[in-house]
Each structure stands twice: as C-alpha cells, then as structure tokens.
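Peer 1: In order, the protein sequences belong to chains A, B, C and D. With this note's numbering, letter number 120 in the first sequence gets 1063, and the count goes up by one each step, no holes. With this note's numbering, letter number 44 in the second sequence gets 987, and the count goes up by one each step, no holes. With this note's numbering, letter number 10 in the third sequence gets 25, and the count goes up by one each step, no holes. With this note's numbering, letter number 66 in the fourth sequence gets 81, and the count goes up by one each step, no holes. Cβ coordinates follow ideal geometry from the N, Cα and C atoms, glycine included.
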Amino acid sequence: MRIAVQLEPFDVGAEIDALHARNPAIGAVVSFTGYCRDEGGALAALELEHFPGMAEQALAEIAEEANDRWPLQGATVIHRHGKLAPGDPIVLVVTASAHRRAAFDAADFLMDYLKTRAPFWKKEHPSDGTSEARWVNAKAADDEDAGRWS
Amino acid sequence: MRIAVQLEPFDVGAEIDALHARNPAIGAVVSFTGYCRDEGGALAALELEHFPGMAEQALAEIAEEANDRWPLQGATVIHRHGKLAPGDPIVLVVTASAHRRAAFDAADFLMDYLKTRAPFWKKEHPSDGTSEARWVNAKAADDEDAGRWS
Amino acid sequence: MKLLYFAWVRERVGTAEESRDLPGSVQTAGELKTWLAGIDEGYAYAFEDQAIIRVALDKKLVEDDASLADASEAAFFPPMTGG
Amino acid sequence: MKLLYFAWVRERVGTAEESRDLPGSVQTAGELKTWLAGIDEGYAYAFEDQAIIRVALDKKLVEDDASLADASEAAFFPPMTGG
Chain A
944 MRIAVQLEPF DVGAEIDALH ARNPAIGAVV SFTGYCRDEG GALAALELEH
994 FPGMAEQALA EIAEEANDRW PLQGATVIHR HGKLAPGDPI VLVVTASAHR
1044 RAAFDAADFL MDYLKTRAPF WKKEHPSDGT SEARWVNAKA ADDEDAGRWS
Chain B
944 MRIAVQLEPF DVGAEIDALH ARNPAIGAVV SFTGYCRDEG GALAALELEH
994 FPGMAEQALA EIAEEANDRW PLQGATVIHR HGKLAPGDPI VLVVTASAHR
1044 RAAFDAADFL MDYLKTRAPF WKKEHPSDGT SEARWVNAKA ADDEDAGRWS
Chain C
16 MKLLYFAWVR ERVGTAEESR DLPGSVQTAG ELKTWLAGID EGYAYAFEDQ
66 AIIRVALDKK LVEDDASLAD ASEAAFFPPM TGG
Chain D
16 MKLLYFAWVR ERVGTAEESR DLPGSVQTAG ELKTWLAGID EGYAYAFEDQ
66 AIIRVALDKK LVEDDASLAD ASEAAFFPPM TGG
C-alpha cells in the first residue's frame, strides 16, 4: 500500500509501473485519475484544504479495507492539496490483482469511499473575478455511491 | 478514439496523458492494463494470434459502442499480438469522461466486450520444456461478464 | 481540549485551532457541538446545522454520541468533498 | 471463396488460408462449416464441434444462418481469448 498526501503533481505512468513492478502474479492494473475541470470556463482555480495527519490515516484505512475485501497485489492512493488549476490532476488510485474484476471493483470502491471519508474540502474560485470563492457542497450521490459497498 | 493492434509494448502513462491532453472538460480518466501472468511459474511465454484487419475493426466497433452508451471525452484501446513473456503488458483500455461513473463503467464494458468479441487467441507455452503449448479455453465467466451490459 | 476547525467551519468560527477548557457537563461529541454553538455568533453560524457537522476525535471520525473521555483533540468540519 | 482459419482451427485444417469453389447447395455460414467438415480428417477434427466455431464474413462476426451471397471471404476460429 502506498499512500501519499502532497502538494506536488504525481506521475500516473510511473505509479502504475511501480505498483506492477513486473510482478508476474499481477494480471490486471486499474488506475483512476481525477482532474480539475473548468466547469465550462467558469472555474479559475480549485483550492483543496485537508486535515494533515488524519488525511493520510483515512486513506490508509480505506486502502486496508479494499485489501481486506479483494485479493489485491497492491494499491496506491495519492491525493493532492493546495491550489490547483483546470486540467491539473487531483487524485490517483491504482489497484493491482491477478484478475480484472477485483482490480476494477477495488479502484471503484476506493474512489467512492475516499470521496465521503477522507478529510479534504474543495473551494472553487470562479473565473469572473468578481463573485466570491465558494465551498463545494457534498453530493448526496456520493453517499449513495459509497453505500453500494456495504 | 485511438485503436491500435501492435507487436510493440505501449506506454500507459503516455497514453493517459495523450487522452487527457489537459482538456478541462475531463474530470475522470480510468485505465485498465492487462499483463501476462506466469501462472505460479508454470508459464514461459504467451503467444497471441490475431486476425489482422478484423481485430482493429472489432476494437473500433466496441469503442464506438462504449461511446454511444456513455458520455465519453475519448477512449483508447491497444491490444498487442505476438510472443509475450510473464510481466509483459498485453492490453490497454483508457476512458475519459467528465465524471467517474461513466469512465469506470466504459472501461469495464470495453474489457468485457473485447474478451468475447475481438479476434485474439492465446496459446500458453509451459515452462517445463516438455509439455506441449496449448490454446487457452474461452471462459464461460467471460460470456457472463459481457452479458452484464445487454 | 485542543479544538480544530476546517473549511467553512473554520471560516465561520474565525480560527483554525484553539485550546478550551470544557465544562464537566460536556461529555460527548454532540454535546461539544452544542456547547461550541453557544460561544458567539460565529460559532453559532458554524454549528447552525449541527447534524451535518462531522467530528473527528484524535483524527478518527466519530458519531455524536462518542465519549470525549479519552480524546485529547476534537476536529469539526463539513461533509468531505475530496476525490 | 477465400477461406481463413485461426488458432487451433488453423492448426487442425493444416492451413491458414485457401481458396475453394463452393457447391451451389452451400448457402449459409453453417452449411459451409458442415461442408468443410467433410473434406478430410483434419477438417473433420477442426469442425467436430461445429456450434462453438465462430464465423466472420468479410471480417464481421455472423451467426450460422448468415447468407454467404455477398461475402468474398469467410474466416473460422475458436471462441476468442484476448484481453
């Protein structure tokens, strides 16, 4: 399990290669990369606040739970914080397993759980320069997605 | 849609970056990489036969179908042929969408359909050096997986 | 007790971190929310919809009925919006 | 008609590609399988379980009742095992 909470961007290809590491028991690697969208031009920047210490701990717990539920050969979860621009990568989840079903489901689960359980908060800075920055509201759909796994 | 059938390895990170291409409408990119396993040391090599012309066409049709079913910003499907060693990458699917659900489902669908509809056949070369190479049998589970989407 | 606030809870209370002596009557995470809501207008605004405010004791998410007995730090924040 | 064979179908018939004149009675993909099965022992072995052999006419997967009328090429192969 590799868990990181960082300001810097991450290298998706390097993370996938590092997780696979030519381990010949791995048949399937799934990655999910979440990017900052520009909301049709309305967004200038996204600010990501986090709870240092708890964020790493929450991501590690979620990864452990995925590891208990599926036969994984490994998993990587990286979440950025700080100020991001449209097009910037925000979050990366990579899962490795012998078979594709476990790798897909574990990555899907990690993203659903991370959205509702990891202490990160997004604030949107609009591009019109006049309206105030505003905190993103949690979506009921995210709670429903997380509920799929219980 | 980028479709390729090739002997050469592919670069997962470069393919993901090329598909995202800092398009600020994309919020989610999912990749699936399938690798050659060594089956606990029993496998020396995997030979992948394909039907040239039809393979590319079948992958393009499957990608079009994914594009019709989900709101994708793009998709990449690369399948290798020829002789592969344990640890080598075989197949890559990458999907991009505004939201994670569409990207996950489309990648999952592409893999399920590709397994049962793209003209590739695997032959396993055992590592014991005496037993004969043998064709991999199609799995009933793969047909069931493909049936999930109809 | 060490108290931490994040996102709009932090903005409304006007501080990210503080230390407060709690009255003996405040025994649970939920009671602490109610007590904080009475401090001033900013706290009242931050905790106006107490049910949606999440609490972590020593960096572990807890429910409102969790006991504060063994906790040295309580953090308050809105529902998470990461990922 | 141009005929192509792949994987163990190719190995059993002993060729990857050939051209054959079909009798007028062979009108569908399924009838072509039956006719090929009668050529010799290798073809009989390749088509011993006709139902599982897949057919593509001009590189499109078809069912056994598909007409050969407009096809210039027929390909025969086992269930796919790619991915």
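Determine whether the beta carbon atoms of MET95/D and TRP1064/B lie at a separation below 8 Å.
Peer 2: Here residue 95/D corresponds to residue number 80 of the fourth sequence, with the count starting at 1. Here residue 1064/B corresponds to residue number 121 of the second sequence, with the count starting at 1. Cβ atoms of MET95/D and TRP1064/B: closer than 8 Å.
Peer 1: Based on Cα-Cα distance, which residue from LYS48/C, GLY98/C, GLU33/C lies nearest to SER40/C?
Peer 2: Locating residue 40/C in the third sequence gives position 25, counting from the first residue. When C-alpha distances from SER40/C are compared across LYS48/C, GLY98/C, GLU33/C, the shortest belongs to LYS48/C.
Peer 1: Going by beta carbon distance, what residues of the same chain come within less than 6 Å of ALA44/C, once the five residues before and after it are set aside?
Peer 2: To locate residue 44/C, count along the third sequence from 1; it is residue 29. Same-chain partners within the cutoff: VAL70, VAL77, ASP79, ALA81.
Peer 1: Exposed or buried, which one is GLN1016/A when buried takes at least 16 other CB atoms within 10 Å?
Peer 2: Working through the first sequence from its first residue, we reach residue 1016/A at position 73. Under this definition GLN1016/A is a buried residue.
Peer 1: In whole angstroms, what is the alpha-carbon distance linking ALA84/D and ILE68/D?
Peer 2: Reading the fourth sequence from its first residue, position 69 is the one you call residue 84/D. Reading the fourth sequence from its first residue, position 53 is the one you call residue 68/D. Our two residues, ALA84/D and ILE68/D, have alpha carbons roughly 20 Å apart in a direct line.
Peer 1: Taking only beta carbons into account, state which residues of the segment 1052 to 1073 of chain A come closer than 7 Å to chain C, listed in chain order.
Peer 2: MET1054, LEU1057, LYS1058, THR1059, ARG1060, ALA1061, PRO1062, PHE1063, TRP1064, LYS1065
Peer 1: Is the Cβ of PHE7/C closer than 8 Å to any Cβ of chain A?
Peer 2: Since the first and last residues shown for chain C are 16 and 98, residue 7/C lies out of range.
Peer 1: So, is ASP1055/B buried or exposed, given that buried needs 16 or more other C-beta atoms within 10 angstroms?
Peer 2: As a position in the second sequence, residue 1055/B is number 112, starting the count at 1. Counting Cβ neighbours within 10 Å, ASP1055/B comes out buried, since at least 16 surround it.
Peer 1: Can you give me the C-alpha to C-alpha distance between VAL972/A and VAL973/B, rounded to a whole angstrom?
Peer 2: Position 29 of the first sequence, counted from the first residue, corresponds to residue 972/A. Position 30 of the second sequence, counted from the first residue, corresponds to residue 973/B. Roughly 11 Å between the two C-alpha positions.
Peer 1: Report yes if the CB atom of PHE62/D is closer than 8 Å to the CB atom of PRO1062/B, and no otherwise.
Peer 2: By one-based count along the fourth sequence, residue 62/D stands at place 47. By one-based count along the second sequence, residue 1062/B stands at place 119. Contact flag unset, no.
Peer 1: So GLY98/C packs on GLY1090/A, CB below 8 Å; how close in whole Å?
Peer 2: Position 83 of the third sequence holds residue 98/C. Position 147 of the first sequence holds residue 1090/A. GLY98/C to GLY1090/A, Cβ: 15 Å. No contact.
Peer 1: Taking just the CA atoms, how far does PHE92/D sit from GLY29/D?
Peer 2: The sequence position of residue 29/D within the fourth sequence is 14, counting from 1. The sequence position of residue 92/D within the fourth sequence is 77, counting from 1. Each residue's Cα considered, the two are about 13 Å apart.
Peer 1: Within this structure, are the beta carbons of PHE1047/A and ARG1043/B separated by less than 8 Å?
Peer 2: Within the first sequence, the letter at position 104 stands for residue 1047/A. Within the second sequence, the letter at position 100 stands for residue 1043/B. Not closer than 8 Å, so no.
Peer 1: Can you pull the chain B neighbours of THR976/A, defined as C-beta to C-beta under 7 Å?
Peer 2: Here residue 976/A corresponds to residue number 33 of the first sequence, with the count starting at 1. Under the 7 Å cutoff, chain B gives ILE959, VAL972.
Peer 1: Measuring CA to CA, which of ALA968/A, GLU982/A, ARG1060/A is closest to ALA985/B?
Peer 2: Here the question's residue 985/B lines up with position 42 in the second sequence. For the residues ALA968/A, GLU982/A, ARG1060/A, the minimum Cα distance to ALA985/B belongs to ALA968/A.
Peer 1: Do ALA1050/A and THR1059/A have their C-beta atoms closer together than 8 Å?
Peer 2: As a position in the first sequence, residue 1050/A is number 107, starting the count at 1. As a position in the first sequence, residue 1059/A is number 116, starting the count at 1. It is not a contact, given that the beta carbons lie outside the stated cut-off.
Peer 1: Let me confirm a value: ALA1083/B is counted as buried when at least 16 other C-beta atoms fall within 10 Å, else exposed. Which label applies?
Peer 2: To locate residue 1083/B, count along the second sequence from 1; it is residue 140. Burial call: exposed.
Peer 1: Closest to MET997/B by C-alpha separation, out of SER1070/B, GLY1030/B, ILE946/B, ALA1081/B, would be which residue?
Peer 2: The count along the second sequence starts at 1 and reaches residue 997/B at position 54. Ranking the options by Cα distance to MET997/B, first place goes to ILE946/B.
Peer 1: Using a Cβ-Cβ cutoff of less than 6 Å, which residues in the same chain neighbour LEU37/D once the five nearest sequence positions on both sides are dropped?
Peer 2: Taking the first residue of the fourth sequence as position 1, residue 37/D is located at position 22. So the list reads MET16, once near-sequence residues are dropped.
Peer 1: Less than 8 Å separating the beta-carbons of MET944/B and ALA1001/B?
Peer 2: Translated into the one-based positions of the second sequence, residue 944/B becomes position 1. Translated into the one-based positions of the second sequence, residue 1001/B becomes position 58. No, these two residues do not count as a Cβ contact at 8 Å.
Peer 1: With 8 Å set as the bound, which would you pick, yes or no: does the beta-carbon of ALA1045/B sit closer than that to a beta-carbon of chain A?
Peer 2: The residue you call residue 1045/B lines up with position 102 of the second sequence. Taking Cβ atoms only, chain A never reaches closer than 8 Å to ALA1045/B, which makes this a no.
Peer 1: Would you kindly check if the distance between the Cβ of VAL1034/A and the Cβ of HIS1022/A is under 8 Å?
Peer 2: Working through the first sequence from its first residue, we reach residue 1022/A at position 79. Working through the first sequence from its first residue, we reach residue 1034/A at position 91. Their beta carbons are under 8 Å apart, which means HIS1022/A touches VAL1034/A by this criterion.
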